[in-house]
Each structure stands twice: as C-alpha cells, then as structure tokens.
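Here is the structure we will look at.
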Amino acid sequence: MALFDLAKPGLRKSDAAILRVELLGATAAHMLDGTTITPTGAKTRGLLAILAMSDRRPVSRRALANLLWSRRSDEQARASLRQEIHRLADALSPLGADVIDVQRHALALKPVLTTVDVERYLNATPQNVLKLPEISGTLLSDLSNVDPALDEWLSQQRTRLHHHLIATCEQAMLYQSDPELRLTAATRVLKFDRLNENAWKTVLRELARRDDGGSALVAAEECLSAFRDALGAEPGAATMAIISELKAARGGSPQPHPSPLASGANVPSANADSTLSPPTPPYIASIAFTSGKPRQDGDDIRELSEDIAESIATGLAQFSLLGVVPPSADEGPAPHANSTRESKRQDTSDADFLVEHRLQPAPATASAPSDMLRLLVRVTDRRRGGVIVWATRVDFLQSAIDSHVSGIVTEILWRVALAEARSVASRNADELQPLQAGLRALALMTRGDPSVYTEASNLLHYALMHEPDHPFLLLVSGLTSLLQSCEQWDTIREQSIERGVEVTRRLLQVAPDSVGGKMLLGRLLLTMPKEQTYGVALLEELAAKAAGVDLVAIGEAYRRLTQGQFTEAFDVMAAFQTRHATHPFTELIDSDILLIDLLAGRFQEAASWARARLSVTPTRTSLLLLHLAALARLNAAVGASDSGEMQDVMERLFLIKPDICINAAVRRYTHLPEAARGFLKEALQGSGLPMGLDLPGLTQSDAADSRVLGGVTATGYEGPSQAGAVVPQQMR
Numbered sequence: 001m002a003l004f005d006l007a008k009p010g011l012r013k014s015d016a017a018i019l020r021v022e023l024l025g026a027t028a029a030h031m032l033d034g035t036t037i038t039p040t041g042a043k044t045r046g047l048l049a050i051l052a053m054s055d056r057r058p059v060s061r062r063a064l065a066n067l068l069w070s071r072r073s074d075e076q077a078r079a080s081l082r083q084e085i086h087r088l089a090d091a092l093s094p095l096g097a098d099v100i101d102v103q104r105h106a107l108a109l110k111p112v113l114t115t116v117d118v119e120r121y122l123n124a125t126p127q128n129v130l131k132l133p134e135i136s137g138t139l140l141s142d143l144s145n146v147d148p149a150l151d152e153w154l155s156q157q158r159t160r161l162h163h164h165l166i167a168t169c170e171q172a173m174l175y176q177s178d179p180e181l182r183l184t185a186a187t188r189v190l191k192f193d194r195l196n197e198n199a200w201k202t203v204l205r206e207l208a209r210r211d212d213g214g215s216a217l218v219a220a221e222e223c224l225s226a227f228r229d230a231l232g233a234e235p236g237a238a239t240m241a242i243i244s245e246l247k248a249a250r251g252g253s254p255q256p257h258p259s260p261l262a263s264g265a266n267v268p269s270a271n272a273d274s275t276l277s278p279p280t281p282p283y284i285a286s287i288a289f290t291s292g293k294p295r296q297d298g299d300d301i302r303e304l305s306e307d308i309a310e311s312i313a314t315g316l317a318q319f320s321l322l323g324v325v326p327p328s329a330d331e332g333p334a335p336h337a338n339s340t341r342e343s344k345r346q347d348t349s350d351a352d353f354l355v356e357h358r359l360q361p362a363p364a365t366a367s368a369p370s371d372m373l374r375l376l377v378r379v380t381d382r383r384r385g386g387v388i389v390w391a392t393r394v395d396f397l398q399s400a401i402d403s404h405v406s407g408i409v410t411e412i413l414w415r416v417a418l419a420e421a422r423s424v425a426s427r428n429a430d431e432l433q434p435l436q437a438g439l440r441a442l443a444l445m446t447r448g449d450p451s452v453y454t455e456a457s458n459l460l461h462y463a464l465m466h467e468p469d470h471p472f473l474l475l476v477s478g479l480t481s482l483l484q485s486c487e488q489w490d491t492i493r494e495q496s497i498e499r500g501v502e503v504t505r506r507l508l509q510v511a512p513d514s515v516g517g518k519m520l521l522g523r524l525l526l527t528m529p530k531e532q533t534y535g536v537a538l539l540e541e542l543a544a545k546a547a548g549v550d551l552v553a554i555g556e557a558y559r560r561l562t563q564g565q566f567t568e569a570f571d572v573m574a575a576f577q578t579r580h581a582t583h584p585f586t587e588l589i590d591s592d593i594l595l596i597d598l599l600a601g602r603f604q605e606a607a608s609w610a611r612a613r614l615s616v617t618p619t620r621t622s623l624l625l626l627h628l629a630a631l632a633r634l635n636a637a638v639g640a641s642d643s644g645e646m647q648d649v650m651e652r653l654f655l656i657k658p659d660i661c662i663n664a665a666v667r668r669y670t671h672l673p674e675a676a677r678g679f680l681k682e683a684l685q686g687s688g689l690p691m692g693l694d695l696p697g698l699t700q701s702d703a704a705d706s707r708v709l710g711g712v713t714a715t716g717y718e719g720p721s722q723a724g725a726v727v728p729q730q731m732r
C-alpha cells in the first residue's frame, strides 16, 4: 500500500497529515497513528527543526551546513550534512521521501501531508489568534548549545514568534468587537510582555467600566509591581492617571476579587473609549514666515527677500502636506541675533513652525564675486520654545536663486515631517490619533529596517480606517508600499506595488496638485512593465509643470533610468545628493541610488554607498544584492581580490533568503531595459551567486535529470552548493 493511502478520505488536511512535527517545547515528530519517530541526535533534530521553521520553502544545503556546523570547514560541514540527511531519513522511515523533499542543492518539508504546530501561531491573524491555545513551552527548548550559529538562529526564531504573537494580540485587542475577546487579548499580551502599557490600560479600563473595582485595583497593583520590579519606576502618565482614578473611586483599598491576569480568566469588557476623537487636521502641521530686515536697506535686496519668502511658501503649498500661512511683508522681527521672542510677539498667527530668513550681501573674498548674496534660513518649533528644527546658510549669485530656494523647500518639508514624527515617538500606540499614527509610520520607515515594516503597515491600516482620504496618510502609505517592495520578492512584491499605486491614485483624487503624490505614482508605475508608459508620461508632465521643485529631479532620474540613459540618471541623482548631502529622503531611496551608480559604471561609488548604508541597515536584500554586483565588477575591472567581503555579503544573503539565485534577483528588474538586466546578470555571475531557475514556479526537482538520494547522485557526486528552487518569499 502506498504511503499516501494513509491519508483517509474525508479527513481535513491537518487530520490527513502523516507527519506531525512539534516545536513548541522540545522537538518531537509523530506519525498519523501517534507513533513517535523523533530523531535521537541533536543535529538531526536541528535539521528537522530548520526545515519545519522555513515556511515550507526550500533551504539551501549551504545554509543548513552553516547553521549546524559553523565551526567546521565548508567541506567538512557538507559531509556532515549528508550524513545527517541520511539519519533524518532513517528516523522518519517509513515515511521517507513523502515528507522530505530532498533536492540536489536544497531540502524542504513537504506541505499537505505534514503539519508543524508553530505554523498555526506564525500564521495567526487578529481574527483567529485567540482561538489558539496559549503557548506554555519555549520554542525548540532542546536545541540550545548545539552550535553557535544555531543558537543565533534559535534566538531569531523565538524573537520572530514572540513579536508576531504580541503584534497579533495587540491588533486583536484593538479591533475585536467582542468585549470579552478584547480583554482576553490584552491578558495574552501581558503574558508575553509584562511592561506593555497598552494592554495594562485596556485591562484597567475594562474592569473599571464593568464596575468591577476590586479586580481593577488588584490589576492596578500588579501593574505597579511589574514596572517597579523591572524598571524601578512607575508606568507612564496615561496609565498612572487610570490607576489614580481607580484608587480615588475606591478609596485606595483593593477588594478581594481575583485578578484576571493571575487566573487567565476571560473577563467581559466594554469598548476602551467611546468618546469621539476630534477631527483629524488636513495638514501635518502649520507653518508661517517672518524675515529679518536686511543689513543694507536697499530696495532691491528687500524686494528679493520678500520674493524668497513667497517662493518658499508657494513651494511648500504644492505638496499639500503643510498648512501654509502666507508671508507678510509688513511683519518681521527686529534684526537682533536672538529674535525668537520678538518673532513670536510680532507674528500673530498660531502656526506650529516658523520659517525665519535673512538676505544680505555675502562677505567679500578674493575668490568670490562681489555680487554674491547670502541667505540664512532657520525653521523653529514654536510649540517647544523656539527650538531650531533645521537651519542653513547659502551663498549664491542672484541668477541661481531659484534652484537654492527649491532645495530649501524640500529640506523644510522633510525636516518638519520628521520633527512631528519624533514628537509622537514616546506616545503609546492606543493614544495616537490617525495623523499621529501616520507620522509614527513615517519615522519607522526612515530607519530602513525591514523588521519594522509590519508595524508601520499596521499603523497606517489603523489610520486609514479612520481617515481614508487624508493626503498625508495616503502619501505615507504609498511610500511605505514602495519601500517594502524593495525588500520583497515575486508575487508579494507585485502586490505591494499594486497597493501603493492604488493608494497613491486615491491621493491624487483627493489632492490633484500634490507634487509628491505625482512623483510617487510615477515611480511606482515605472516598476510595472505594463504601466511604464503612463509612469514616464506622468514624470515628464511633472518635470514640465513643476520644474522649480527640487524633488522632481529624482523623478527625472527614475525616468532616464528606465529609458536606458544611465549616465544621465547618475548625473541628475548626483546633483541632488550634492545639494542635499544629509537629506533624509536620500536614505529612503538608497537602493535606487545604488542601482543608478552601478548601471552608470560607478562601481567604486556604488560599493562605498552600499557599505555605508549596510553598516546601518545590514539586513536589506536590495542593498546586499547590488553591493555584491558592484564588488564583482570592481574585482573584474581592477583585478583586485576582495573575496572576503564578497563572501560576507553572500553569507548574509543566504541567511536572509536561502533560495536566493541570479534569475530571481534579475526578475526584480523587469521594468529596466534588457541591457540593464543583462548587465546585472553578468555582474552577479561574477560574484559566484548560483544561477537558479529561469521560470517562476518551476521547482529544482522538475528540472533535475539525475536521481538524487539524500543529495547524492547515482554516481556519488554532489554538485556545488547552491540555492535551490526559486520560491516567492516575503522578507520578515
């Protein structure tokens, strides 16, 4: 009887599984009839665990060997891996090849006929997470100290599970309509994170609203004890306010009711807050202008100073993100060195930020023309005592004033947005208004760390649920989708781009003149081969109508890139970087800059830029891939041997994406001309990255000609260690 016949007709897939792998606690494996077939060796159990935790994607032999034998040479590690594969096959006998897919260069745990207990939790959603039993054991508790690399992998997997469960339960806590389930979610969050103030506040509020003051006071004391024991301090002001209200209402004496946190009981609750929030303002902040009097009262300089203020105001208004109070020529502070207080007295608006500028002749030097002007600009936050958010000093000829003013507009816009984001960084998530949640998401995305992308997406989901047509939220949502797509693969990447296009088009319906929206939509459309013509047309129109806006230059670089004008794209982007060496936006588009440098033949610049960015964000596949190509080109061009750095980059790539290969990498750039794709393919071939399969969806076993048993062919030869099948993978 075939092994597949063990799956009885009519059973659900989970019931029909002939192998059940348990990872919560010690590693265990059971057959359909309950027979235990757990491997005895720690390395063998480790091999099974890695396959079971890989989301059913193939894991390359190289990655497996590095995780289980990190202190051995490559040859020894590969030989040991072959032995462990045979031991695993023996342990799982008689299931054999029905549950483990052994390919020449990769292994995978087959779906359908196998189940893994932890997958139910990693795939949990806010809608079903509370239906799962609570986890009592430590993930893979029996695999500690097997190998240093495996210990690091274990830590990552435990952190991954921990963070996913906290985030999922937090969402359930916020969005569940059933009061009992909300409190259950909050209780579970606290079992993972005893210092989670959002969960504590939910518990305290719900118990108080049920008039269950005794349990609420017991929970309040538990909350205070948790923070005092761990931090030697009290919780935040919002939590303490709830506790103070509870004690005041009950005279400060806890009643002898059991705490739901101690018992794990499901306690009914009401909505956390039924009060209507104030309407979200249409802009992230308001900004006004004042100018210092010129040191020389010439009419020309005074008139030019007024024109500069008007130009900055007009430029800021084009982005539809700031509420701009028009500058007035009649107002302005006295020309003292410290004029913040005077500015506040004379400017009668209630704007959040103040742009102050002074125009004067530049000091005469031997090398500078006599008609040079000096412009000093500073942006202050009026709500925080006039703290300077950004300041600059520019010397220029009057003929170049437009380009400098455009650059100032770009800087002000981003500096104000990030200042507003920092102002809500310490606020608890459940205290954020929709606009503040969008600002928090923007701050997270500027980190360039893929591990925070899910949190940013959740914040934007919440914000757009309440304010679906807010221009700023739509812009940040579109930008987030674009940045996420840079670290994603195949189908998931395409879905992110499509989602970005959808929200950005909605933005332009709400704010048709938004320059940022048009540039973002153009950039997204360029990434979609079928929509590329429309993206090019949109960026061309934007360049013609908003030529004075500095960010439009980046759109021009994108347009030239997709049309094969690599040198021109480099020149445009390099000019922007020169004008804005520390601009936050350049860090958001770092992978685009790296790609342009590489295709323009600027291999040294590309490698240097990649090193700088990877020192800050070392887990970005978009940067690692292009850095690898740049290093390979540098080695080919100058004959240098930089194998150490290339090997390090390759190892990082395989750890993040074990099935990485050249064809999968090049498919990310289908929107580029064929010559660009060929260039990237050739460069990556020079790095030693495996070629992989050329057709999406084709597995390595489909293409193999020889019979493979445990990774060894019938002739006993094992090919070079390469990644296996090309499988779509979302970066975590």
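Under UniProt numbering, the residue at position 259 of the sequence shown is numbered 259, and the numbers go up by one with no gaps.
We treat Cβ as the ideally placed atom computed from N, Cα and C, and that holds for glycine.
Values in this document were obtained by computation on a predicted structure and should not be read as measured data.
Beta bridge pairing from DSSP links F353 with I287, D381. Taken through DSSP and simplified to helix, strand or coil, T567 comes out as helix. Here the alpha carbon of R383 sits roughly 20 angstroms from the alpha carbon of A313. Annotation: H671 to H461 spans about 29 angstroms, alpha carbon to alpha carbon. Exclusion of the five residues before and after L304 leaves L359, L373, Q398, I401 as the residues of its chain whose Cβ lies within less than 8 angstroms of its Cβ.
Nearest in C-alpha terms to M519, of all of H163, L508, P529, is L508. Contact between A606 and G686 is ruled out by a C-beta separation of about 14 angstroms, above the 8 angstroms threshold. Taking 8 angstroms as the cut-off, the beta carbon of L626 is found closer than this to the beta carbon of A610. The DSSP-derived three-state label of W390 is strand. R61: member of the alpha helix (DSSP H) spanning 61–68, first to last residue. If you compare the alpha carbons of A463, A630, S136 with that of E645, the shortest gap goes to A630. In the assembly as shown, G500 is a buried residue. Its beta-carbon has 16 or more other beta-carbons within 10 Å. When Cβ pairs closer than 8 angstroms are counted between the two stretches, the stretch 120–139 is seen to touch the stretch 21–30, the count reaching three or more. Comparing alpha carbon positions, the residue from L482, E498, P363, L322 closest to L418 is L322. For H163, the enclosing alpha helix (DSSP H) stretches over residues 148–175. When secondary structure is reduced to three states using DSSP, V452 falls in the helix class. Rounded to the nearest whole angstrom, the CA to CA distance from L32 to V536 is 57 angstroms. R493 is not a Cβ neighbour of S481, given a cutoff of 8 angstroms. Listed in chain order, the non-local C-beta contacts of E234 below 8 angstroms within the same chain comprise L224, F227, R228, M240, local neighbours out to five positions each way being set aside. If one requires a minimum length of 4 residues, the alpha helix (DSSP H) runs lying completely within the stretch 432–484 are 434–445, 453–466, in chain order. The three-state secondary structure of H583, taken from DSSP, is coil.
In this structure the stretch 104–114 touches the stretch 50–63; the number of beta carbon pairs closer than 8 angstroms is three or more. The continuous stretches of beta strand (DSSP E) do not include T184, which lies in the alpha helix (DSSP H) extending over residues 179–192. In the structure shown, the three-state DSSP call for E22 is strand. In the structure shown, the three-state DSSP call for I100 is strand. If you look at V424, you'll find it isn't in any alpha helix (DSSP H); DSSP assigns it neither H nor E. Put simply, the backbone Cα of M650 is about 49 angstroms away from that of G386. Distance between E84 and L624, taken at the CA atoms: about 31 angstroms. Inter-residue distance for E170 and V189 is about 7 angstroms (C-alpha atoms, whole angstroms). Here the alpha carbon of V203 sits roughly 18 angstroms from the alpha carbon of V129. Leaving aside the five residues that flank L598 on each side, the residues in its chain whose CB is nearer than 7 angstroms to its CB run, in chain order, A606, L626, A629, A630. Under the Cβ criterion (8 angstroms, minimum of three pairs), the stretch 36–55 counts as touching the stretch 87–95. When the five nearest sequence neighbours on each side are left out, the beta carbons in the same chain lying within less than 7 angstroms of the beta carbon of A52 are those of V21, L23, L109, V116, in order along the chain.
Among the bridge pairs identified by DSSP, A29 is matched with V21.
Closest in C-alpha terms to T491, from the list A664, L376, G555, comes A664. Counting along the chain, the unbroken beta strand (DSSP E) around L107 starts and ends at 106–109.
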